[in-house]
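Colleague:
There are 2 protein chains.
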Amino acid sequence: MIVEIPERVRELLERPVLVNLGTTRPDGAPQVNPMWFVWDGEFIWFTHTNYRQKYKNIAHEPRVSISIIDPENVYGYVEIRGIVDHIDPDPEAKLYQRLSERYDGTAVTPADAEQRVAIAVRPTKIHQQ
Amino acid sequence: MIVEIPERVRELLERPVLVNLGTTRPDGAPQVNPMWFVWDGEFIWFTHTNYRQKYKNIAHEPRVSISIIDPENVYGYVEIRGIVDHIDPDPEAKLYQRLSERYDGTAVTPADAEQRVAIAVRPTKIHQQ
Numbered sequence: 017m018i019v020e021i022p023e024r025v026r027e028l029l030e031r032p033v034l035v036n037l038g039t040t041r042p043d044g045a046p047q048v049n050p051m052w053f054v055w056d057g058e059f060i061w062f063t064h065t066n067y068r069q070k071y072k073n074i075a076h077e078p079r080v081s082i083s084i085i086d087p088e089n090v091y092g093y094v095e096i097r098g099i100v101d102h103i104d105p106d107p108e109a110k111l112y113q114r115l116s117e118r119y120d121g122t123a124v125t126p127a128d129a130e131q132r133v134a135i136a137v138r139p140t141k142i143h144q145q
Numbered sequence: 017m018i019v020e021i022p023e024r025v026r027e028l029l030e031r032p033v034l035v036n037l038g039t040t041r042p043d044g045a046p047q048v049n050p051m052w053f054v055w056d057g058e059f060i061w062f063t064h065t066n067y068r069q070k071y072k073n074i075a076h077e078p079r080v081s082i083s084i085i086d087p088e089n090v091y092g093y094v095e096i097r098g099i100v101d102h103i104d105p106d107p108e109a110k111l112y113q114r115l116s117e118r119y120d121g122t123a124v125t126p127a128d129a130e131q132r133v134a135i136a137v138r139p140t141k142i143h144q145q
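Line by line, the protein sequences give chains A and B. Terminal number for the first sequence in my numbering: 145, no gaps in between. Terminal number for the second sequence in my numbering: 145, no gaps in between.
1) So, are the CB atoms of Trp52 (chain B) and Thr63 (chain B) less than 9 Å apart?
2) Within 10 angstroms of its Cβ, does Val137 (chain B) collect 16 or more other Cβ (buried), or is it exposed?
3) Write down every uninterrupted run of the alpha helix (DSSP H) in the segment 41 to 70 of chain A whose length is 4 residues or greater and which is fully enclosed by it, in chain order.
4) Name the one or two DSSP bridge partners that Gly121 (chain B) has.
5) Under DSSP, the alpha helix (DSSP H) around Arg24 (chain B) begins and ends at which residues?
6) What would DSSP say about Gln144 (chain A), mapped onto helix, strand or coil?
7) Taking the beta strand (DSSP E) that Pro105 (chain B) belongs to, which residues open and close that run?
8) State yes or no: is the beta carbon of Ile21 (chain B) nearer than 9 Å to at least one beta carbon in chain A?
9) Near Ser83 (chain A), what residues of its chain come up, given a Cβ to Cβ distance below 6 Å and the 5 sequence neighbours on each side ignored?
10) Put Leu115 (chain A) into one of helix, strand or coil per three-state DSSP.
11) Are the segment 38 to 53 of chain A and the segment 70 to 78 of chain A in contact at 8 Å, needing three or more beta carbon pairs?
12) State buried or exposed for Arg26 (chain A), treating a residue as buried only when at least 16 other CB atoms are found within 10 Å of its CB.
13) Do Pro139 (chain A) and Gly98 (chain A) have their CB atoms nearer than 9 Å?
14) Please name the residue or residues paired with Pro126 (chain A) in a DSSP beta bridge.
15) Take Asp128 (chain A) and list the residues in its own chain whose beta-carbon comes closer than 7 Å to its own, dropping the five residues that flank it on each side.
16) Quick one, which of A:Val48, A:Arg68 and A:Lys72 has its alpha-carbon nearest Val80 (chain B)'s?
17) Name the one or two DSSP bridge partners that Ala134 (chain B) has.
18) Taking the continuous beta strand (DSSP E) assigned at Ile82 (chain B), which residues delimit it?
19) Assuming Gln124 (chain B) contacts Gln113 (chain B) (C-beta within less than 8 Å), just tell me the rounded distance between them.
20) According to the Cβ coordinates, are Ala134 (chain B) and Asp106 (chain B) closer than 9 Å?
21) Find the residues of chain A that neighbour Val80 (chain B), judging by a C-beta separation of less than 7 Å, and give them in chain order.
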């Protein structure tokens, strides 16, 4: 399934804004955490590790929800629902480096590089307000 | 169950910051939306309506997750997991009025006042970073 991304949402996705990623825990409770991301035109990418809770959540339930608040208009927000399409090992933390540069201006290699993964989310539904 | 609220989290809860509320949809997928809130020392209160999706979600799964980004420190965030303790009808939209005044400075009565409800969330777990 390919979903059309409206122009306003594309513009938001180009910007280094913190988003909130919602996942479902294996026991069915929701979990929400702020995340860095980058959009490549097809997938929304997140860096994470292969041992923390969010990884367990998406391994169990690949559907996710991403909330983006427009920094220029707090009444404008976008909820992107999507599904984890695939997860790539990233033992050199290249995605983390890319994201730390995008958000902070400096490419950093994290201490847990060997356990890093790159999570690719495919948008399936866009809700704008 | 009573959970201890750390001082830093109390301070954040006193401020009119937008939070992201995570719920679980009846089909198990997560949903995340920005929300106004107010904290009364026991419950985190949200205004909502009795016909929209989030209401259906919490009627089905009362556990929620609240993500708060510290406006003064984007690396500081708090995730509060909690449970909907009760939902009060609010047909005069008193909570909406209170929240619109807290966030915007003007108490507004919404067009859907008759369907408004006040959702009381009891914190059960605090995760700080």
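Note that beta-carbon positions come from the ideal geometry of N, C-alpha and C, so glycine has one too.
Modeller: In short:
1) yes
2) buried
3) none
4) None, per the DSSP bridge assignment.
5) Glu23 to Leu29
6) strand
7) Tyr93 to Pro105
8) no
9) Asn36 and Glu95
10) helix
11) yes
12) exposed
13) yes
14) Paired residue(s): none; Pro126 (chain A) is not in a bridge.
15) Thr65
16) A:Val48
17) B:Thr63 and B:Asp104
18) Arg79 to Ile85
19) At residue 124 (chain B) the sequence reads Val, which differs from the Gln that was named. With a Cβ gap of about 7 Å, Val124 (chain B) and Gln113 (chain B) count as contacting.
20) yes
21) Pro46
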